[in-house]
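Number of protein chains: 2
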Amino acid sequence: MLDIKFTPTTNKKPKPDQHNLGFGNYYTDHMLIIDHTEGIGWHDARIVPYQPIQLDPAAMVLHYAMESFEGMKAYRTPEGKVQLFRPDCNAERMWNTNARMCLPQLPVEDFVQAVKALVKVEEDWVPSLPGTSLYIRPFIFADEPHLGVRTSKTHQFMIICSPVGAYYSTGINPVKIFVEDEYTRACPGGTGFTKCGGNYAASLISQVKGHELGYEQSLWLDGVEHKYVEEVGSMNCFFKIDGTIYTAPCVGTVLPGVTRRSCIALLEKWGYTVSEERLPIVDIVKASKEGKLEEVFGTGTAAVISPVGELRYEDDVCKINDGKIGDVTQRLYDTLTGIQWGTKPDDMGWTVPVE
Amino acid sequence: MLDIKFTPTTNKKPKPDQHNLGFGNYYTDHMLIIDHTEGIGWHDARIVPYQPIQLDPAAMVLHYAMESFEGMKAYRTPEGKVQLFRPDCNAERMWNTNARMCLPQLPVEDFVQAVKALVKVEEDWVPSLPGTSLYIRPFIFADEPHLGVRTSKTHQFMIICSPVGAYYSTGINPVKIFVEDEYTRACPGGTGFTKCGGNYAASLISQVKGHELGYEQSLWLDGVEHKYVEEVGSMNCFFKIDGTIYTAPCVGTVLPGVTRRSCIALLEKWGYTVSEERLPIVDIVKASKEGKLEEVFGTGTAAVISPVGELRYEDDVCKINDGKIGDVTQRLYDTLTGIQWGTKPDDMGWTVPVE
Ligand SMILES: Cc1ncc(COP(=O)(O)O)c(C=O)c1O
Ligand SMILES: Cc1ncc(COP(=O)(O)O)c(C=O)c1O
Numbered sequence: 001m002l003d004i005k006f007t008p009t010t011n012k013k014p015k016p017d018q019h020n021l022g023f024g025n026y027y028t029d030h031m032l033i034i035d036h037t038e039g040i041g042w043h044d045a046r047i048v049p050y051q052p053i054q055l056d057p058a059a060m061v062l063h064y065a066m067e068s069f070e071g072m073k074a075y076r077t078p079e080g081k082v083q084l085f086r087p088d089c090n091a092e093r094m095w096n097t098n099a100r101m102c103l104p105q106l107p108v109e110d111f112v113q114a115v116k117a118l119v120k121v122e123e124d125w126v127p128s129l130p131g132t133s134l135y136i137r138p139f140i141f142a143d144e145p146h147l148g149v150r151t152s153k154t155h156q157f158m159i160i161c162s163p164v165g166a167y168y169s170t171g172i173n174p175v176k177i178f179v180e181d182e183y184t185r186a187c188p189g190g191t192g193f194t195k196c197g198g199n200y201a202a203s204l205i206s207q208v209k210g211h212e213l214g215y216e217q218s219l220w221l222d223g224v225e226h227k228y229v230e231e232v233g234s235m236n237c238f239f240k241i242d243g244t245i246y247t248a249p250c251v252g253t254v255l256p257g258v259t260r261r262s263c264i265a266l267l268e269k270w271g272y273t274v275s276e277e278r279l280p281i282v283d284i285v286k287a288s289k290e291g292k293l294e295e296v297f298g299t300g301t302a303a304v305i306s307p308v309g310e311l312r313y314e315d316d317v318c319k320i321n322d323g324k325i326g327d328v329t330q331r332l333y334d335t336l337t338g339i340q341w342g343t344k345p346d347d348m349g350w351t352v353p354v355e
Numbered sequence: 001m002l003d004i005k006f007t008p009t010t011n012k013k014p015k016p017d018q019h020n021l022g023f024g025n026y027y028t029d030h031m032l033i034i035d036h037t038e039g040i041g042w043h044d045a046r047i048v049p050y051q052p053i054q055l056d057p058a059a060m061v062l063h064y065a066m067e068s069f070e071g072m073k074a075y076r077t078p079e080g081k082v083q084l085f086r087p088d089c090n091a092e093r094m095w096n097t098n099a100r101m102c103l104p105q106l107p108v109e110d111f112v113q114a115v116k117a118l119v120k121v122e123e124d125w126v127p128s129l130p131g132t133s134l135y136i137r138p139f140i141f142a143d144e145p146h147l148g149v150r151t152s153k154t155h156q157f158m159i160i161c162s163p164v165g166a167y168y169s170t171g172i173n174p175v176k177i178f179v180e181d182e183y184t185r186a187c188p189g190g191t192g193f194t195k196c197g198g199n200y201a202a203s204l205i206s207q208v209k210g211h212e213l214g215y216e217q218s219l220w221l222d223g224v225e226h227k228y229v230e231e232v233g234s235m236n237c238f239f240k241i242d243g244t245i246y247t248a249p250c251v252g253t254v255l256p257g258v259t260r261r262s263c264i265a266l267l268e269k270w271g272y273t274v275s276e277e278r279l280p281i282v283d284i285v286k287a288s289k290e291g292k293l294e295e296v297f298g299t300g301t302a303a304v305i306s307p308v309g310e311l312r313y314e315d316d317v318c319k320i321n322d323g324k325i326g327d328v329t330q331r332l333y334d335t336l337t338g339i340q341w342g343t344k345p346d347d348m349g350w351t352v353p354v355e
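Below, the structure is given as structure tokens:
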């Protein structure tokens, strides 16, 4: 159990218009900090007014990207209550990320306690319009001023919160995705399974290239052969081919998404066969040509479920389901958003109230 | 030409003892900053007192590792002058790094001008004891507060300086290196050729593992087959086998070191054959068993030339040259340090005075 001190702000910000939240543009009144010092461990957990961080210019995070993060949400139910979705999964994933990245690991219970404590303080910031939520960003970075490459003796774990609208401003309309065959996101022995900052910096160039080609996101292939599909920008990716549902295995190069895991559980409950075998991109293109590529969708906390309407691989452009949302995609979207926002019963025991 | 404003400190720090500088422990009185804003470009170049940076907790660098850096040195000559070593090479490398990382690119001339301007101001900080120098750390990071993954609209380019001793406290004694066969530093299509922060965060785990095994640094293998040698911790790596000198090609996965490039130029001038073909680790072990592995050394700004006395690959431990420094290693060390510290004539035109 953390002992979390609370210093309330004396200067509350006005709440932004819920119709124009966007993603990651507004921040709440407070933030949570826990310091970590080598030889001492975690200490000085506190919630303080949202304010700038002071960093020495030699702070290791600014040079060697010694940092990682998580992404999760708090949802407003029709009864006006606030709930989280599988926060222990994010806590566990950060634990695994930080083991790989040589960053200090916060125990799962403390992580969840910290998230709950900050969301409780910021309860009024959880928006209530359909599709809106409070995005929660736990992160950690090395703040020791030192220029030799080695692990850091001091770190700060923080949580900030941002009220957000639906991730894609166009709603749950199908997105266009291109298959990246030049740049690589991850390879075996690397950091693909973690939410370390470096994975995202390295991926920007593909995003820029995709936008220039008129595509919203990139689908990554494996780093060794550029043959098997892995994941999309900030989503895991599912393919329904001839009745079977495929998604890339989480074997070190793919982020184990909380939404991915939840979709697999629901799909299996509903009687679908979910294959986590590696799937070559050429098989997907072939299935498309044979009329067997029935649905493609991305899964992630930000977008929940994102139908894919078009997939481009080299010179092949696959149109999926006539650009319409498929049945499985829609059912997953309805079920997951229903559970998350509390409009449907939570049979799976995935939601956690913030009281 | 940059217009660099100068605000001198009113509170000069005492200079540290030159005998105990270490690496990256002390920082000089000033730092240089240039802001970059989308739509405006580079602006407000300034030298100001060394001071903490204020960052919004949502600053992109803290989440998505949008950052890169360079490393170079200023050397004190016997005449008491201060000089740089091939600063245009660092400027060019950062230009290439930032193209890959979607960070704004500072023109080579401006980069060199900025380095010279700051070193000129900090001239007194360039130490004079043998092996000591002023380490110069240019770096850039994204400071826009935004949580969506995309390029940043604002960045800060900075330079800080740190007086340093010899990188290895044990001097130019041979180091022990182990071959990393589990973790990966880089793969084709990735960021291996850049000095982005993410490469270094991802490598810490191997450093920790190496230390536990009693080794000072890790030698990385290629990310696809874990077969070919690439580079060491923060050095490029050279192998002299049966008279020929090998070093990994810079084809996207290896940092193109300034020291590496300089060594190749010197070696070729001296009549050696330098091969930049990919070299399998098993060939090195085989050569060692046959008594043909004559010398192994790392090259980098921090250590200049670092002889390797022992190489471990899985269960094979290769002792190199009886743990003594080889002739080529010694000649490169003497020549390069002679040029850098101005004790030998600079036939190659590599040094640049700071006047
Ligand atoms: C690279 C990547 N893959 C997948 C996901 C989806 O994970 P989750 O469902 O836990 O949000 C994310 C986003 O968090 C991501 O950044
Ligand atoms: C990964 C890596 N390889 C090689 C080098 C050597 O490069 P240079 O000789 O330019 O210092 C460095 C250090 O700068 C490095 O970080």
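Protein sequence lines correspond, in order, to chains A and B. For the first sequence, position 19 matches number 19 in this note's numbering, and the numbering has no gaps at all. For the second sequence, position 305 matches number 305 in this note's numbering, and the numbering has no gaps at all. Ideal Cβ placement from N, Cα and C applies to all residues, glycine included.
According to DSSP, A/Gly-80 shares a beta bridge with no other residue. Distances between the C-beta of B/Met-235 and the heavy atoms of ligand 2 include at least one below 6 Å. Boundaries of the alpha helix (DSSP H) around A/Cys-263: 258-269. Along the stretch 170-196 of chain B, the alpha helix (DSSP H) does not occur as any fully enclosed run of 4 or more residues. Taking 6 Å as the cut-off, the C-beta of A/Thr-301 counts as close to a heavy atom of ligand 1.
Of all residues in the stretch 207-222 of chain A, only Gln-207 and Val-208 place a beta-carbon less than 8 Å from a beta-carbon of chain B. At a cut-off of 7 Å between C-beta atoms, A/Ile-53 counts as an interface residue with respect to chain B. Between the C-alpha atoms of B/Arg-137 and A/Thr-299 there is a straight-line separation of about 40 Å. Per DSSP, the beta-bridge partners of A/Ile-47 are A/Phe-6 and A/Leu-32. For B/Cys-89, the uninterrupted alpha helix (DSSP H) segment begins and ends at 87-101. According to DSSP, residue pairing for A/Gly-41 in a beta bridge involves A/Thr-37. Each residue's CA atom was taken as its position, placing A/Thr-10 and B/Asn-173 some 59 Å apart. Of all C-beta pairs linking the stretch 177-194 of chain B to the stretch 310-319 of chain B, three or more are shorter than 8 Å, placing the two stretches in contact. Contact check for B/Lys-240 against B/Val-328 passes: the beta carbons are separated by less than 7 Å. An exposed status is given to A/Asn-20, since fewer than 16 other beta-carbon atoms sit within 10 Å of its beta-carbon. Inclusion of B/Thr-191 and A/Ala-202 in the CB contact set at 7 Å is warranted, their separation being smaller than that value. The stretch 89-108 of chain B and the stretch 44-59 of chain B do not touch, with fewer than 3 CB-CB distances between them shorter than 8 Å. Short note on A/Val-108: C-beta not closer than 6 Å to any heavy atom of ligand 1. Cβ contact annotation for A/Thr-7 (same chain, cutoff 8 Å, sequence separation greater than five): Arg-46, Ile-47, Val-48 and Pro-49, in chain order. For B/Ala-265, the number of other beta carbons within 10 angstroms of its own is below 16, and it is reported as exposed. The three-state secondary structure of B/Ala-59, taken from DSSP, is strand.
In this structure, ligand 1 has a non-hydrogen atom nearer than 6 Å to the beta-carbon of A/Leu-255.
Inter-residue distance for A/Phe-297 and A/Tyr-228 is about 16 Å (C-alpha atoms, whole angstroms). Not one heavy atom of ligand 2 lies closer than 6 Å to the C-beta of B/Thr-184. By the Cβ neighbour-count rule, B/Glu-230 is buried, with 16 or more other Cβ atoms within 10 Å of its own. A/Arg-150 and B/Leu-118 have their C-alpha atoms roughly 27 Å apart.
If you draw a straight line from the Cα of A/Val-175 to the Cα of B/Val-208, it is about 42 Å long.
Looking at the DSSP output, A/Val-308 shares a beta bridge with A/Val-175.
For A/Ser-162, the chain B residues whose C-beta falls within less than 8 Å of its own C-beta are Ala-58 and Leu-147, listed in chain order. The three-state reading of DSSP puts B/Val-108 in helix, counting H, G and I together. Identification of residues in the stretch 15-32 of chain A having a C-beta nearer than 9 Å to some C-beta of chain B yields Gly-22, Phe-23, Gly-24, Asn-25, Tyr-27 and Met-31, given in sequence order. With the criterion set as a beta carbon lying under 8 Å from some beta carbon of chain A, the stretch 72-93 of chain B has no members that meet it. For A/Ile-339, the enclosing alpha helix (DSSP H) begins and ends at 327-340. In the three-state reduction of the DSSP assignment, A/His-211 falls in the helix class, which pools H, G and I. B/Gly-298 is bridged by DSSP to B/Cys-237 and B/Ser-306.
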